[in-house]
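Chemist:
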Amino acid sequence: MTKRKPDLPQGTLDMLVLKALSLGSMHGYGIGQRIQQLAENMLTVEEGTLYPALYRIEERGWIESEWGASENNRRARFYKLTRAGRKQLQVEESNWEHLSVAVRKILEAS
Amino acid sequence: MTVIRYLIRRLRALWRSDDIHDEIAEEMRFHIELRAEENVRRGMTAEEARREAERKFGRFSRIKEQGYEVRGGRWLEATWQDLRYSVRLLMKTPGFTLIATLTLALGIGPNTAIFSIVYATLLAPAPYPNPDQLVIVWSQARGNREGTSFADYLEWKEQATSFQYLEPFWPRGFNLATQEAPERVRARQTSTNGHRMYGEGVLIGRDFAPDEDQQGKNHVALLRHRLWSERFGSDPGVIGRDIRLDGTPYKVIGVLRPGVNDRLPADLWIPLPMKPDEIANRQFRPLLVSGRLKPGVTIEQAQQEMNAIARRQAERFPDSNAGRSLSVEAYQNNFLPSDRVRNLWLLLAAVSFVVLIACVNVANLLLSRGAARERETAIRAALGAPRWRLARLALIESLALAAAGGALGALSSVWILQGILAILPRFTLPAEADPRLNLPVLLFTLAATALSGVLCGTAQAWRASRTDWNDALKKAGRSSSGSGRRSLRHALVVVEFAMAVTLLAGAGLTILSFWNRTQIELGVRTDNILTFGLPVNEGRFSSTAQIDGFYRTLLERFQEVPGVVHASVSAPAVPLLSTGFSRQFSVVGQTDVAPSLRPRAGVHMVTPEYFETFGMRLVRGRALTADDGPSAQRVAVVDERFVNRFLEGKDPLGQGVVMGQFVPGATRLGPGGAVPGSPAEWRIVGVFRDVSNMERFDDPGQPQIYLPFAQSPWPQAMVAVRAANSPEALRPSLAAAVQSVAPDLPLMDVRTMDQIVGERLAPDRLNVALYGGLAALALALAAMGIYGVMAYTVAQRTPEIGLRMALGARPAQVRLHILREGLTLAAVGLALGLAGAYALGRAMQSMLYGTDALSLPVLFAVGLVLLGVALGACYAPARRASAVDSMIAIRSE
Chain A
0 MTKRKPDLPQ GTLDMLVLKA LSLGSMHGYG IGQRIQQLAE NMLTVEEGTL
50 YPALYRIEER GWIESEWGAS ENNRRARFYK LTRAGRKQLQ VEESNWEHLS
100 VAVRKILEAS
Chain B
0 MTVIRYLIRR LRALWRSDDI HDEIAEEMRF HIELRAEENV RRGMTAEEAR
50 REAERKFGRF SRIKEQGYEV RGGRWLEATW QDLRYSVRLL MKTPGFTLIA
100 TLTLALGIGP NTAIFSIVYA TLLAPAPYPN PDQLVIVWSQ ARGNREGTSF
150 ADYLEWKEQA TSFQYLEPFW PRGFNLATQE APERVRARQT STNGHRMYGE
200 GVLIGRDFAP DEDQQGKNHV ALLRHRLWSE RFGSDPGVIG RDIRLDGTPY
250 KVIGVLRPGV NDRLPADLWI PLPMKPDEIA NRQFRPLLVS GRLKPGVTIE
300 QAQQEMNAIA RRQAERFPDS NAGRSLSVEA YQNNFLPSDR VRNLWLLLAA
350 VSFVVLIACV NVANLLLSRG AARERETAIR AALGAPRWRL ARLALIESLA
400 LAAAGGALGA LSSVWILQGI LAILPRFTLP AEADPRLNLP VLLFTLAATA
450 LSGVLCGTAQ AWRASRTDWN DALKKAGRSS SGSGRRSLRH ALVVVEFAMA
500 VTLLAGAGLT ILSFWNRTQI ELGVRTDNIL TFGLPVNEGR FSSTAQIDGF
550 YRTLLERFQE VPGVVHASVS APAVPLLSTG FSRQFSVVGQ TDVAPSLRPR
600 AGVHMVTPEY FETFGMRLVR GRALTADDGP SAQRVAVVDE RFVNRFLEGK
650 DPLGQGVVMG QFVPGATRLG PGGAVPGSPA EWRIVGVFRD VSNMERFDDP
700 GQPQIYLPFA QSPWPQAMVA VRAANSPEAL RPSLAAAVQS VAPDLPLMDV
750 RTMDQIVGER LAPDRLNVAL YGGLAALALA LAAMGIYGVM AYTVAQRTPE
800 IGLRMALGAR PAQVRLHILR EGLTLAAVGL ALGLAGAYAL GRAMQSMLYG
850 TDALSLPVLF AVGLVLLGVA LGACYAPARR ASAVDSMIAI RSE
C-alpha cells in the first residue's frame, strides 16, 4: 500500500532542483531520484514537470547543462548549478523557512 | 555573462532548431531507459517496465514541445514565420519593395565604397610583417622635417640599441637604358639591409651581400616583381645581366617577391654607397632613415634614446647639429597630411548622412504602407497578436528590406569604388593603401545595413505598438490615421531636409572654393605650352660652360622645329611646379643681419626666352637677354613681391642682391636643401608681375629672383615650348631634336601647362565631384521623401479637400494650400540645416580656398535649390488635390 504523496506547492520544485544540484551535478533522471531520496520517499517528482522545470531554470541562468557520460557510460545531459543558481538557492531557502514558520504558526493557532 | 550565454543559445537555436529537438528527445530517451532498468530491477518484465516508464513520463511530445519553446526554439519559429510573412508581403508590392531597396542601396553603396577607402588608408594595418615596429626617424630643425646627413646616420646606427634595423634610403630617379629607348625608372638607393626591413624576400636570384654598399662593389640591383614582369617579360635570364642606369652598368642579381613592393614608388633597389666625401659633409642631408624597432621596444623608448643621441651630436657638432632634434614616428601613413586624414573621415560622415536620409525615406515609405495596412493590423491585434509581436513584424520587414538594399549596395560599391579611385589624383592615398571590398569592409556594411534596417523600422514599429487598435478598427474604412502619424512623418521630412541642406552647403563650399582657385591670377599664360624635363645625371657635364652649351644647342634645335614659337630652359622647373631654389640673401646697402636670420627668396635660373614663352608681364626695367652671358655683369630680375617686401620706397633697378652662388655638384640638392657656394652680387635690372604659387594657396609665396641661365647654369632643368597651336603634337619632333643632341635622353614628365594647372586643381575637382555627388544624391532622396509624404497627405485628405471644394474653395486655393504645407516643411528643414551646414563648413575649412565656413552666396543658392526642388516635388500632389472631384471624395467617406 503506497501512501498518497502530496503535490508540491507551486515554485517549490525549482528550489528542490537547485538543492539537489547543490550536492553535485547530475542528469535529469538522477535529479528526480535524488529529490526522492532526500525526501525519504515522501515525495516523487513527475517527469512531466521535472524537465520543463529544468529547461526553465536553465533559461534563467541558474543552472547550465552539458553532455557527458552517465555512470554506465551512456550519453546523458548533465546539469550543474551556476553561481547565480547558488545565490538563488540561498534566497529561496530563507524564503521557504520564513514561509514555513509563518504557515506553522497559523496552523498551530488554537 | 548570462546575457552572452543567452544570446549564444538563441543564436544556436537559429541555426539548429532540429538539434534542439533531437537533444531533448535524446535526454528523454535516456530518462526512460533508466526508469525502465529500475523497473526491471524491481521485478517487472522488460516490456512492462518500458511501458510503465513511458506512461510515467506523461505525454512525451508535449514535454518535448514545452522544452523546445523554453529553450528558444519557439522564438525562432515565430521569427521565421514573421520573416516569411514580411517577404511575402514585400513580394506582393514589388513597386514599393523596389523603391525602398534602391533607396537604401543608394545610401549603402557609396557608404561602403568610401569606407573601404577609409579602412584601407587609416584602419588596416600596413601590409608588412609586424607593421607596428616600423618607424621613420626624422631630423628636425626649427620644427621642420629635414633629411639626415651620412655622418649623422652612421652615428645613430652605431649608438642606438632600440632597432633591429635602422636603414637609410635615398629615393632617386635614373634612366634605365635598353635596346629600344631609355626609360625613367625610380630607384630606392638603400643600405644592403634596406628592403629586408620590410620583410620582403627575393623571388629569384640572390639578395645583396653585406659588403655591397662599398664603393666599387655597389653596382648591383634588385628588381621589383612588377618591373621584372612588365619590362623584362618575367625572363629569369635577366639575372646576371647588366642594365645601365644613367649610363652606369648595374648587374641584376635578383627579383623581389611580388607584393607591397609593387605598390611603392620604387622600381628597383640598389645599394647606397657610403662615400667618404659625402660622409665628411655634415651639411649634406639627403637621407631618409627608417627603422624597425626590436620586439617589445616602444616608440617612446626609441625616442628617448634618440633624444640622447641628438644632444650628444649637437654638443660635438654645433655647426651642423645645434638646435636639431630627432623624432621617431610610426611609419604607417607618416607622409599622409593630417588634413587629408580629416577629409577622409569627413567624407565618411557625409556619406553616412546620405544613408540616414535614405533611411528616413524608407521609414516614411513604411509608415504610409503601415497606414494602408492599418485595418489588417487592427484585425491581427483584435485576434490577440501581442503588441510586441506587431512591432517585431514591422522591424523584421524593414530588416528584410535593408538586407536587400545592403546586398545591392555592397554590389554597386565595387563600381563606385572603381569610379572614385579613377578620379583620385596620384599620391592622394599612401602607396600601401589598397582599397577593396574585403571582410572588414563587408562587416562594416553588414552593421550599417542592420542599423539602417532598425532605423527604418523603428518609426513603424513604434506606431504599431502604440496605436489603439480598437479605435483603429472602429474607424477602419474611413481614412483615419490620427495626427500623430502625420506629425511623425512630417518630422522625418524635416530631418531629411536638414541633412540635405548640410550636404548641399558642403558641396556648395567645395564648388565655390574650386571656382575661387580657378580664378587665381597665375601671372603666366598656360595655353599652348608643352613642358618636359630631361633626366640628366650629375656626371654628364664637367663644367658649367658645358651645361650652358648643351641647353643652348637644344634650344637652337627646338627653334628649328616647325610650329615652335618660343622655347626656354629653366631650373629647377617651370612656373607653378616650383617656387625656385630657396636661398637666403641680403640687399646691398641695407643693414645686414646674422646669416641665419637673412630673408629667403626662391631663385630660378632661366634662359632669356622664358619670359616670352610664359607671357610674363614686365613692370619695370628690362628682361634678361642673350647678352647677359657668363662674362657679362651678373644681373637678375625680381617679382613685385620682392620689391614690395625688401625694396619698399626705393627704385629697385640697380640694387644689388648678395647670395651664395649655385655651383653644380658641390651645391647638391637633397631633401636637406642646397649648400651655397661663395657669395656673389647680382644687380637687379627688371621687375616682373608676380607668378602664383599654386602649390600653397594660403601662402602669398616667397619673393622670386630670376637669374640668367648662362650666368648660373644648372644641369637638371626643364624645357618649355610655346607652340603656334596644339603643343602636344610637337612631342615627337621635340623628342627627335633631343635625340639628335643626346641619344640617351628621353623626354621626362611631358605635360602641357594646362595639364599642370589641371593637376594642381585636381584635389579641388575631386572634392567637388565627391561632395557634389553626395549632395545631389541627398537632394534627390529628399525630393523623393517630400513627394511621398505630400502625395500621401493628399490621398489621405481627399475627403477633406473635397469638402472644402464643395464649400467653395477654388482649385488654385487648394493647390496653394498643399504647396504651402510642403514648403513649410522644407523651410523648417532648411533652417535646421543651417547649423549642420555651419558645422560641416568649419570641418571642411582646411580644404577650402577663399571662403569661410558660412558663405552667404552658397547658403542663398542652397536655399533656392532646396525650395525649388521641394516646390517641384510638391507640385504633382498639389495638382492632384486641386483635381479632386468633391462629390466622389465626400461619398467615399
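Those sequence lines, one after another, are chains A and B.
If you're matching positions, the first sequence starts at 0 in numbering that gives the first Met the number 0 and goes up one per residue.
If you're matching positions, the second sequence starts at 0 in numbering that gives the first Met the number 0 and goes up one per residue.
The C-beta atom is built at its ideal place from N, Cα and C for all residues, glycine as well.
Here the structure is a predicted model, which is why all the values come from computation and not from measurement.
1. Considering Cα atoms alone, identify which of B:D748, B:P663, B:G620 is closest to B:D547.
2. Between B:E211 and B:I278, what straight-line distance do the alpha-carbon atoms span, to the nearest angstrom?
3. Assuming B:G787 and B:N363 are in contact, meaning their beta carbons sit under 8 Å apart, how far apart are those beta carbons, in whole angstroms?
4. What's the call for B:G601, buried or exposed, on a 16-neighbour Cβ count within 10 Å?
5. Taking C-alpha atoms, which residue in B:D650, B:V564, B:G655 lies nearest to B:F610?
6. What three-state label does DSSP hand B:G253 in the structure shown?
7. When the Cβ atoms of the stretch 808-825 of chain B are set against those of the stretch 456-467 of chain B, are three or more pairs found closer than 8 Å?
8. Please compile the residues from chain A whose C-beta is within a distance smaller than 7 Å of the C-beta of B:H30.
9. Let's see if you can read the secondary structure: which residues bound the alpha helix (DSSP H) around B:A430?
10. State the Cα-Cα distance for the pair B:T96 and A:R55, rounded to the nearest angstrom.
11. Answer with yes or no whether the minimum CB distance from A:A75 to chain B is below 7 Å.
12. Does the distance from the C-beta atom of B:L221 to that of B:W169 stay below 7 Å?
13. Could you tell me whether the stretch 756-763 of chain B touches the stretch 724-736 of chain B, using the rule of 3 or more Cβ pairs below 8 Å?
14. Can you confirm whether B:E26, when its beta carbon is compared against all beta carbons of chain A, has any partner nearer than 7 Å?
15. Among B:N260, B:P571, B:E396, which has the Cα closest to the Cα of B:L711?
16. Who are B:D650's beta bridge partners in DSSP?
17. Can you check whether the C-beta of B:L255 is within less than 7 Å of a C-beta belonging to chain A?
18. What are the complete beta strand (DSSP E) segments, minimum 3 residues, inside the stretch 112-151 of chain B?
19. From B:A842 to B:R688, what does the alpha carbon distance come to, in whole angstroms?
20. Please state whether the Cβ-Cβ distance between B:G408 and B:T111 is less than 7 Å.
21. Comparing C-alpha positions only, which one of B:L416, B:V718, B:L392, B:A99 sits nearest to B:V605?
22. When the Cβ atoms of the stretch 353-363 of chain B are set against those of the stretch 493-504 of chain B, are three or more pairs found closer than 8 Å?
23. What separation, rounded to the nearest whole angstrom, lies between the Cα atoms of B:A830 and B:V494?
24. Are B:G532 and B:L729 touching if we call contact CB-CB under 7 Å?
25. Looking at B:L366 and B:G456, is the spacing between their C-beta atoms short of 7 Å?
26. Note down, in chain order, each residue of its chain lying with its Cβ closer than 7 Å to the Cβ of B:A104, except the 5 sequence neighbours on either side.
27. Any C-beta of chain A sitting closer than 7 Å to the C-beta of B:L33?
28. Are the CB atoms of B:V288 and B:P209 within a distance shorter than 7 Å?
29. So, are the CB atoms of B:V656 and B:W681 less than 7 Å apart?
30. If you compare alpha carbons, which of B:V592, B:D151, B:Q654 is closest to B:Q312?
31. How long is the line joining the alpha carbons of B:I19 and B:P126, rounded to whole angstroms?
32. Check for me: the beta strand (DSSP E) holding B:F661 runs from which residue to which?
33. Which residues does DSSP list as the beta-bridge partners of B:A162?
34. Using a Cβ-Cβ cutoff of less than 6 Å, which residues in the same chain neighbour A:M0 once the five nearest sequence positions on both sides are dropped?
35. What are the complete alpha helix (DSSP H) segments, minimum 4 residues, inside the stretch 573-652 of chain B?
Modeler: Straight from the coordinates:
1. Minimum Cα distance to B:D547 is reached at B:P663.
2. Whole-angstrom Cα-Cα distance: 17 Å.
3. Between B:G787 and B:N363 the beta-carbon gap is near 6 Å, inside 8 Å, which marks them as a contact.
4. Residue environment for B:G601: buried (at least 16 other C-beta atoms within 10 angstroms of its C-beta).
5. The option with the nearest alpha carbon to B:F610 is B:V564.
6. Three-state DSSP puts B:G253 in a strand.
7. Contact fails: fewer than three Cβ-Cβ distances are below 8 Å.
8. Within chain A, the C-beta atoms nearer than 7 Å to that of B:H30 come from G27, Y28, E46, in chain order.
9. Where B:A430 is concerned, there is no enclosing alpha helix (DSSP H), given that its DSSP letter is neither H nor E.
10. Approximately 40 Å between the Cα atoms of the pair.
11. It does: the Cβ of A:A75 has a partner Cβ on chain B nearer than 7 Å.
12. Here B:L221 is not near B:W169, since their CB atoms are 7 Å or more apart.
13. Short answer: they don't touch.
14. Yes, B:E26 lies at the interface with chain A (some Cβ there is under 7 Å from its Cβ).
15. Per the sequence shown, residue 711 of chain B should be read as Ser rather than Leu. Ranking B:N260, B:P571, B:E396 by CA distance to the CA of B:S711 puts B:P571 first.
16. DSSP output for B:D650 lists no bridge partner at all.
17. Cβ-Cβ to chain A under 7 Å: no for B:L255.
18. Every beta strand (DSSP E) stretch that sits fully inside the stretch 112-151 of chain B and reaches 3 residues is listed by chain position as 133-140, 143-145.
19. Cα to Cα, the separation comes out at about 35 Å.
20. In this structure, B:G408 lies near B:T111, with their beta-carbon atoms less than 7 Å apart.
21. Among B:L416, B:V718, B:L392, B:A99, the Cα nearest to that of B:V605 belongs to B:V718.
22. A contact exists between the stretch 353-363 of chain B and the stretch 493-504 of chain B.
23. For B:A830 and B:V494, the distance between alpha carbons rounds to 11 Å.
24. Not closer than 7 Å, so no.
25. No, the Cβ-Cβ distance between B:G456 and B:L366 is not below 7 Å.
26. Listed in chain order, the non-local C-beta contacts of B:A104 below 7 Å within the same chain comprise G404, L407, G408, S411, local neighbours out to five positions each way being set aside.
27. So yes, B:L33 belongs to the interface.
28. No. Outside cutoff.
29. Yes, they are a contact pair.
30. Comparing C-alpha distances from B:Q312 to each of B:V592, B:D151, B:Q654 shows the shortest one belongs to B:D151.
31. Those two C-alpha atoms are separated by around 44 Å.
32. B:F661 -> no beta strand (DSSP E), and no H or E assigned at all.
33. Checking the sequence, you will find Phe at residue 162 of chain B rather than Ala. Bridge partners of B:F162: B:L292.
34. Since pLDDT at A:M0 reaches only 39, below the 50 mark, its modelled position is unreliable, and no value is offered.
35. Taking 4 residues as the shortest admissible run, the stretch 573-652 of chain B contains the following complete alpha helix (DSSP H) segments, listed from N- to C-terminal end: 609-612, 639-645.
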